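K.L.:
Taking our numbering, the leading residue of the sequence shown gets 3, the next gets one more, and so forth. No residue lacks a Cβ here, since even glycine has one placed at the ideal position from N, Cα and C. All of these numbers come straight from a predicted model, not from anything done at the bench.
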Amino acid sequence: MELQEALRSTGAIRDFTDEPVEDETIIRILDSARFAPNGGNAQSWQVALVKDPSVRARIRDLYVAGFHEYVAMGAAGLRPWAPITDPEAEAAAIQRGREAHESGAPAGDFAQHFDRVPAMLAVAADLRLLAAMDRDLDRYSIVGGASVYPFVWSILLAAHGEGLGGVMTTMAIRREPELAEVLGLPPTHAFAAVVVLGHPVERPSRLTRRAVGEFATIDRFDGRPLR
Ligand SMILES: Cc1cc2nc3c(=O)[nH]c(=O)nc-3n(C[C@H](O)[C@H](O)[C@H](O)COP(=O)(O)O)c2cc1C
C-alpha cells in the first residue's frame with residue numbers, strides 16, 4: 003500500500019469477520035513495527051499475544067468497567083480522563099459510571115464482546131527504559147509515552163498492510179493493577195494499550211480530522227495559521 007494512503011486511511015476498526023489471524027501474520031506485523039522510533043532506542047515495549055479465553059474474558063471485564071466510566075464522563079460533558087478537568091464533576095461522573103457497571107448496564111457490542119476479537123495484543127513499556135524528559139515538571143507527563151505509541155501505531159499500519167484492521171484500546175488500563183495481575187506484568191512496567199486486530203467487516207471511507215490550518219501556526223502557537 004502507498005504510504006500516504008496508509009497514513010490517511012488507517013482508521014479504528016472494531017467490527018471483525020470470523021476469519022482468524024494467524025500467529026505468522028502477527029509476527030510479521032511486529033517484525034515491521036519494531037522499527038518504530040523510541041527514546042534512546044531503548045525499545046521499552048513488550049507484547050503479550052493473548053489467546054487464553056479465560057484471560058481474555060477477564061480483560062473484557064476490565065475493559066467494560068473502564069468503558070462505563072468513559073461513557074459517564076462523556077454524558078457529563080467532560081473529556082474522559084483529561085489530565086486537566088473539573089475534578090468534582092469528574093468524581094461524580096466516575097461514581098455514576100461505577101454504579102452503572104455494578105448494576106450490569108450494557109456496554110455496547112465492541113466492549114461486551116471484547117474477548118472475541120480475532121487477535122489481542124497487550125502492549126506494555128518497561129518504565130526503566132523510557133526517556134520521559136518532562137517527568138519532573140509540575141504537570142502531567144506526556145513524553146514517556148512517545149517511546150511506545152509510535153510502536154503501537156506501527157502495529158496498526160503494518161496490520162493495515164496485511165489487509166487487517168484494528169484499534170488501540172486503553173479502557174482496561176483504568177484497572178491496571180488487576181490487568182497486571184491477569185497478564186503477569188512486573189511492577190517495573192506499565193500498560194500502553196491493548197491492541198485488537200482482525201479482518202474488517204468494512205473500512206471507513208474517510209477519516210474525520212481537523213484541517214492543518216486549525217492546529218498549525220507559524221513561529222509561535224499564537225502565530226498566523228499555517229495554510
Ligand atoms: C491513546 C488512545 C486510546 C484509545 N482507546 C480506545 C479504547 O479504549 N477503545 C476504543 O474503542 N478506541 C480507543 N481508541 C481509538 C480512538 O477512539 C480512535 O483512534 C479515534 O476515535 C479516531 O478514530 P478513527 O481513526 O476511526 O477516525 C484509542 C485511541 C488512542 C490513540
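Along the alpha helix (DSSP H) that carries H201, what are the first and last residues, could you check?
P.N.:
Counting along the chain, H201 falls outside any alpha helix (DSSP H), and DSSP gives it neither H nor E.
K.L.:
So, for S46: in the same chain, excluding its five sequence neighbours on each side, which residues have a beta-carbon less than 7 Å away from its beta-carbon?
P.N.:
Sequence-distant Cβ neighbours of S46 in its own chain, meaning closer than 7 Å and more than five residues away, are N40, A127, D128, L131, L132, S149 and V150.
K.L.:
Where in the region 24 to 82 do unbroken runs of the alpha helix (DSSP H), each at least 4 residues long, occur, reported from the N-terminal end onward?
P.N.:
25 to 35 and 55 to 77
K.L.:
What residues in its chain sit with their C-beta under 7 Å from that of G168, if we drop five residues either side in the sequence?
P.N.:
I15, L158, A161, V197, V198, L199 and G200
K.L.:
Can you find a heavy atom of ligand 1 that lies under 7 Å from the Cβ of G225?
P.N.:
no
K.L.:
Among Y65, L187 and T19, which residue has its Cα nearest to the Cα of E204?
P.N.:
T19
K.L.:
Tell me which residue opens and which closes the beta strand (DSSP E) that V184 is part of.
P.N.:
Careful: V184 lies outside any beta strand (DSSP E), inside the alpha helix (DSSP H) at E178 to L185.
K.L.:
Suppose the cutoff is 7 Å on Cβ atoms and the five residues either side in sequence are ignored; what does the same chain contact list for T190 look like?
P.N.:
D128, L129 and R130
K.L.:
Hey, A95 and H70: beta-carbon distance below 8 Å or not?
P.N.:
no
K.L.:
From this set, E180, P188 and F223, which residue's C-alpha is nearest Q48's C-alpha?
P.N.:
Shortest Cα-Cα distance from Q48 to any of E180, P188 and F223 involves P188.
K.L.:
Buried or exposed: T12, going by 16 or more other Cβ atoms within 10 Å of its Cβ?
P.N.:
buried
K.L.:
Okay, do the region 50 to 67 and the region 114 to 121 touch, 3+ Cβ pairs below 8 Å being the bar?
P.N.:
yes
K.L.:
Between the Cα of L209 and those of G147, E4 and L9, spot the shortest distance and give me the residue it belongs to.
P.N.:
L9
K.L.:
Tell me whether P152 sits in a helix, a strand or coil according to DSSP, three-state version.
P.N.:
helix
K.L.:
Does F116 come out as helix, strand or coil in the three-state DSSP assignment?
P.N.:
helix
K.L.:
On the DSSP bridge list, what partners appear for P189?
P.N.:
The partner list for P189 (beta bridge, DSSP) is empty, contrary to what the question assumes.
K.L.:
Does the Cβ of M173 have 16 or more other Cβ atoms within 10 Å, making it buried, or fewer, making it exposed?
P.N.:
buried
K.L.:
With distances taken Cα to Cα, identify the nearest neighbour of E4 among G147, E164, R81 and G76.
P.N.:
E164
K.L.:
What is the C-beta distance between A124 and V52, in whole angstroms, given that I count them as a contact (C-beta under 8 Å)?
P.N.:
6 Å between Cβ atoms; contact.
K.L.:
Ignore the nearest five residues each way along the sequence and tell me which others in H103's own chain have a CB closer than 6 Å to its CB.
P.N.:
Answer for H103: A67 and H70, listed in chain order.
K.L.:
Could you tell me the distance, in whole angstroms, from the CA atom of I29 to the CA atom of A35?
P.N.:
10 Å
K.L.:
Is it buried or exposed for P82, if we count other Cβ within 10 angstroms and need 16 for buried?
P.N.:
buried
K.L.:
Taking 8 Å as the threshold (C-beta atoms), are D138 and I144 in contact?
P.N.:
no
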